[in-house]
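Visitor: Residue numbering for the sequence shown follows UniProt numbering, starting at 1 and increasing by one per position.
Glycine included, every Cβ here is placed at the ideal spot set by N, Cα and C.
All of these numbers come straight from a predicted model, not from anything done at the bench.
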Amino acid sequence: MSKKTIVVCDHIHQSGLDILANDNDIELINAADEPKDKLITEIIPLADVAITRSSTDVDDAFLANAKKVTAVVRAGVGVDNVDIPGCSKQGIVVMNVPTANTIAAVELTMTHMLSCVRTFPYAHNNLKLDRIWRRQDWYGTELKDKKLGIIGFGNIGSRVGKRAKAFEMEVITYDPYIDSSKATDVDVKYTKNFDDILACDIITIHTPKTEETIGMIGAEEIAKMKDGVILINCARGGLYDEDALVEGLKSGKIAMAGIDVFNKEPATDHPLLDLDNVTVTPHLGANTKESQRNIAVQAAENAIAAVKGIAYPNALNLPIKENELPEYVRPYLELIQKIGHISAQVTKSAIKSIKVTAKGEIAEYVESLGTFATVGVLTESLSDQVNYVNAEFVAKERGIEIIKDTKPNTSGFTNKIEVKLTTQNSTITIGGTVFDGTAQRIVEIDEYILDVEPKGTMVFFRNTDTPGVIGDVGRIMASHNLNISDFRLGRDKKQQALAVVKVDGQVTKAILDELSSLKACISVSHASL
Ligand SMILES: NC(=O)C1=CN([C@@H]2O[C@H](COP(=O)(O)OP(=O)(O)OC[C@H]3O[C@@H](n4cnc5c(N)ncnc54)[C@H](O)[C@@H]3O)[C@@H](O)[C@H]2O)C=CC1
Ligand SMILES: O=C(O)C(=O)COP(=O)(O)O
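(1) Below 8 Å on the Cβ atoms is my guess for V419 versus G340; work out the distance and round it to an integer in Å.
(2) Closer than 7 Å to a non-hydrogen atom of ligand 1 - does that hold for the CB of G157?
(3) Going by C-alpha to C-alpha distance, which of N425, G91, G161 sits closest to T204?
(4) Measuring from each Cβ to the nearest heavy atom of ligand 2, keep the ones under 5 Å and list them in chain order.
(5) My output table needs one value for S523: the three-state DSSP class, helix, strand or coil.
(6) Hey, would you say N96 sits closer than 8 Å to N314, going by beta carbons?
(7) For L46, which residues from the same chain have a beta carbon less than 8 Å from its beta carbon, with the 5 sequence-adjacent residues on both sides left out?
(8) In the stretch 16-95, which residue ranges form an unbroken alpha helix (DSSP H) of at least 4 residues, counting only runs that do not cross its ends?
(9) How would you label H124, buried or exposed, when you count the other beta carbons within 10 angstroms and need 16 or more for buried?
(10) In three-state DSSP terms, what is E142?
(11) With a cut-off of 8 Å, do at least 3 Cβ pairs link the stretch 401-410 to the stretch 348-359?
(12) So what does F487 bridge to, in DSSP terms?
(13) Could you say if the stretch 495-510 and the stretch 441-452 meet the contact criterion of at least three C-beta pairs nearer than 8 Å?
(14) Have a look at the DSSP bridge pairing and note the partners of R439.
(15) Counting Cβ pairs closer than 8 Å, one from the stretch 358-366 and one from the stretch 457-464, do we hit at least three?
(16) Based on Cα-Cα distance, which residue from A183, E142, H11, K36 lies nearest to I150?
(17) Going by the CB atoms, is the gap between G376 and I417 shorter than 8 Å?
(18) By DSSP, does S528 sit in helix, in strand, or in coil?
(19) I need the straight-line Cα distance from L369 to A164, nearest angstrom please.
(20) Between V280 and the rest of its own chain, which residues show a CB-CB distance below 6 Å, the 5 nearest in sequence each way excluded?
(21) Can you tell me where the beta strand (DSSP E) with E401 in it begins and where it stops?
(22) Going by DSSP, which residues form a beta bridge with R462?
(23) Between the stretch 285-299 and the stretch 10-26, do three or more beta carbon pairs fall short of 8 Å?
(24) If you run the structure through DSSP and keep just helix, strand and coil, what is A311?
(25) Residue ranges of each alpha helix (DSSP H) run of no fewer than 4 residues wholly in the stretch 129-196, ordered along the chain?
(26) Inspect the beta-carbon positions of V389 and N317 and report whether they are closer than 8 Å.
(27) Could you compute how far the alpha carbon of F262 sits from the alpha carbon of D137?
(28) CA-CA distance, residue 535 and L512?
(29) Closer than 7 Å to a non-hydrogen atom of ligand 1 - does that hold for the CB of A235?
(30) Less than 7 Å separating the Cβ of A105 from some heavy atom of ligand 1?
(31) Could you say which of L17, D59, R441, G16 lies nearest to K36 if we only look at CA atoms?
(32) Could you compute how far the alpha carbon of F372 sits from the alpha carbon of E334?
(33) Candidates G157, S15, D185: which alpha carbon is nearest Y174's?
(34) Could you pull out every unbroken beta strand (DSSP E) segment of at least 3 residues lying fully inside the stretch 218-304, listed in chain order?
(35) Hey, would you say P282 sits closer than 8 Å to P266, going by beta carbons?
Below is the structure:
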């Protein structure tokens with residue numbers, strides 16, 4: 001078997017490179033020092049998995065060249081430079097390494113805050129570069145008793161809050177997506193009113209970069225702030241509108257800004273760099289040895305797991321988070337995929353819609369059930385071109401409607417799942433359940449009640465319920481040397497019956513033709529798993 005290739009696109013700590021280099025199953029290409037155009041056009045086409053940081057955009061150009069890529073591991077938190085829908089469309093799993101650099105970013109935030117209040121770099125340069133000893137020029141202010149507003153109280157924001165409390169600051173946070181107790185438990189005020197943040201002495205932002213957070217602080221917000229406010233951004237460039245920030249700093253409305261991140265990086269020619277009241281760093285939030293070592297190790301291990309198809313830790317675009325999945329759910333997901341696959345084989349015509357219905361406790365997982373059913377259905381026509389990441393995109397592109405529904409459970413089973421497949425010519429509904437936590441069963445096909453383990457080769461024979469049919473079916477199969485391993489029968493109220501006949505060999509066209517020529521036959525089809 002040829003080795004899989006992992007391409008490292010940006011600089012990561014040696015500890016991660018060592019892990020990759022020492023894995024005999026893997027070909028490592030360390031392309032961190034390669035020009036970006038060469039990386040994209042010549043190296044990415046070789047990659048099975050790519051490890052990136054914020055210096056490599058996973059954009060149209062990347063994706064166009066990522067012919068073999070199955071996963072992108074972002075060795076850090078922010079994925080704003082990764083086109084996640086684009087990756088999903090191509091079936092690429094996107095994973096990040098979420099908490100390994102938290103402390104590094106927290107401490108850089110405190111560094112900027114302290115540097116701003118004490119104009120530290122300016123005093124430093126004045127002495128070191130200009131050799132001027134003028135203590136009277138460098139009066140700072142204290143953090144103690146100042147009010148700090150934190151926008152975004154996640155991994156980094158909450159820890160900045162704790163450290164600010166240690167500096168005896170009054171801390172208030174705005175984060176509509178957390179429970180207020182996360183803040184109040186650590187003696188931080190929680191507000192839903194953004195103006196409370198704008199009224200602070202110092203404001204720091206720690207949100208992801210999303211449509212909602214881009215330009216969250218603009219000219220209007222700055223106008224509402226205290227004169228002499230200090231703004232810190234160690235999250236993402238553009239969360240503070242950069243033009244408004246420059247204007248506010250020029251006018252003195254904003255006394256100081258501590259900036260680690262820029263809208264466009266590298267930023268070596270940015271108007272902020274011309275000002276005398278900013279402290280700047282070149283996106284160093286994650287740059288501590290501890291953090292980079294942790295991230296590189298985790299990114300390398302995760303990339304190896306992904307390239308070998310073992311696991312996708314911290315996947316951002318998979319329908320399920322494996323580690324959060326209760327044990328009882330997995331067999332239902334497997335079952336619905338099988339049901340989807342059977343439905344597509346039995347109907348064999350252009351699919352219009354896939355409707356998934358979940359009844360019982362399992363209804364909570366209807367989204368994932370929908371994805372697994374779609375994979376099952378599309379596998380019939382697309383084989384390995386479809387996976388859990390791109391299934392719904394592929395279906396949409398083919399004009400297939402996916403409907404996910406939950407219903408109160410009146411089925412008599414603890415949980416019941418159903419796939420209703422509508423094609424141009426017909427409709428089939430197959431229902432299933434799991435017994436004793438592991439035994440996957442089809443319990444219903446259209447109006448027929450059955451008990452069938454979805455496995456092997458199955459013939460579905462629908463007939464008028466007249467004597468002798470079972471014998472005829474058995475005779476035809478025997479005449480073709482086809483051994484029957486199981487025979488399940490369901491009847492409806494219209495004098496019709498459905499047999500699911502499991503056989504040990506191949507179902508040929510000749511067998512199907514003979515079965516359909518039987519007088520009692522209404523329809524015959526087959527499926528294999
Ligand atoms: N400068 C650097 O090198 C580094 C920057 N970062 C960036 O720092 C930011 C925060 O990272 P983490 O704390 O690890 O992420 P996180 O996901 O733990 O926290 C983000 C918080 O922002 C909140 N949030 C989202 N939208 C919001 C909105 N509209 N208003 C208020 N709050 C909102 C979320 O509810 C969440 O609590 C990210 O942008 C990340 O990319 C992270 C590490 C290093
Ligand atoms: O993890 C993040 O979000 C960061 O901003 C760190 O980015 P980097 O890996 O240093 O390019």
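Guide: According to the data block:
(1) 5 Å
(2) yes
(3) G161
(4) R53, S54, G76, V77, G78, A286
(5) strand
(6) yes
(7) T5, V7, I29, K68
(8) 60-65, 84-89
(9) exposed
(10) coil
(11) yes
(12) V501
(13) yes
(14) Before going on, a small fix: residue 439 reads as Ala here, not Arg. In the DSSP output, where bridge partners are listed per residue, A439 has F435.
(15) no
(16) A183
(17) no
(18) strand
(19) 45 Å
(20) I259
(21) 401-407
(22) L498, S523
(23) yes
(24) coil
(25) 155-166, 181-184
(26) yes
(27) 29 Å
(28) Beyond the ends of the chain as shown, which are 1 and 529, falls residue 535; an answer cannot be given.
(29) yes
(30) yes
(31) D59
(32) 7 Å
(33) G157
(34) 229-233, 254-259, 278-280
(35) yes
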